[in-house]
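In short: position in the sequence shown from 1, add 33, done, that's the working numbering.
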Amino acid sequence: PTPPVPASSSSLSAGAMAAALDEGRVAPLAVRELPDDVDTGMCNQGGRLTAALPAGAKLVRYVRHGQSTGNLARAEAMAADKLAGGGMRHELAYQSSGDYIDCPLSPAGREQAA
34 PTPPVPASSS SLSAGAMAAA LDEGRVAPLA VRELPDDVDT GMCNQGGRLT AALPAGAKLV
94 RYVRHGQSTG NLARAEAMAA DKLAGGGMRH ELAYQSSGDY IDCPLSPAGR EQAA
């Protein structure tokens with residue numbers, strides 16, 4: 034017999050998926066929670082989480098985005114370029130800066146992500 038395929042890799046309709054799960058032709062997805070020691074507000078934990086998965090499993094990331102301080106800085110740079118009569122001097126300076134990598138959420142972003 035053919036080994037069951039994970040439900041996530043199938044293109045069956047909902048009814049056909051339910052029947053396939055009942056018949057054992059499709060393996061159910063394993064639902065896992067984040068380990069207690071992983072800060073859910075931190076980026077860059079994927080490698081650590083992936084290493085803990087069983088062979089053949091996939092890590093699915095759900096992200097709730099909120100405005101960051103980097104988003105604000107980019108908007109300010111674009112506004113400064115507009116006030117200067119055009120060009121991209123300020124935006125290019127923003128883009129080349131490392132100041133906004135993994136930057137925190139703005140106050141509005143914290144409200145948006147809540």
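Backbone N, C-alpha and C fix where the C-beta goes; we use that ideal spot for every residue, glycine too.
Residue range of the alpha helix (DSSP H) that includes residue i
i: Tyr127; result: 122-129
i: Asp114; result: 102-116
i: Pro140; result: 140-146
Cβ shell of residue i (< 7 Å), same chain only, five flanking positions each side left out
i: Asp114; result: Gly120, Met121, Arg122, His123, Glu124
i: Leu138; result: Gly99, Gln100, Ser101, Ala146
i: Gly142; result: Gly99, Gln100, Ser101
Proximal residues to residue i (C-beta, below 6 Å), its chain only, five neighbours per side dropped
i: Cys136; result: Ser101, Thr102, Gly103
Coil, strand or helix - residue i by DSSP
i: Ala52; result: helix
i: Ala90; result: coil
i: Ala85; result: coil
Local Cβ density within 10 Å of residue i, reported as buried at 16 or more and exposed below that
i: Gly89; result: exposed
i: Ala110; result: buried
Check whether residue i and residue j have beta carbons under 8 Å apart
i: Tyr127; j: Ala106; result: yes
Close beta carbons around residue i, own chain, < 8 Å, minus the five adjacent residues each side
i: Ala108; result: none
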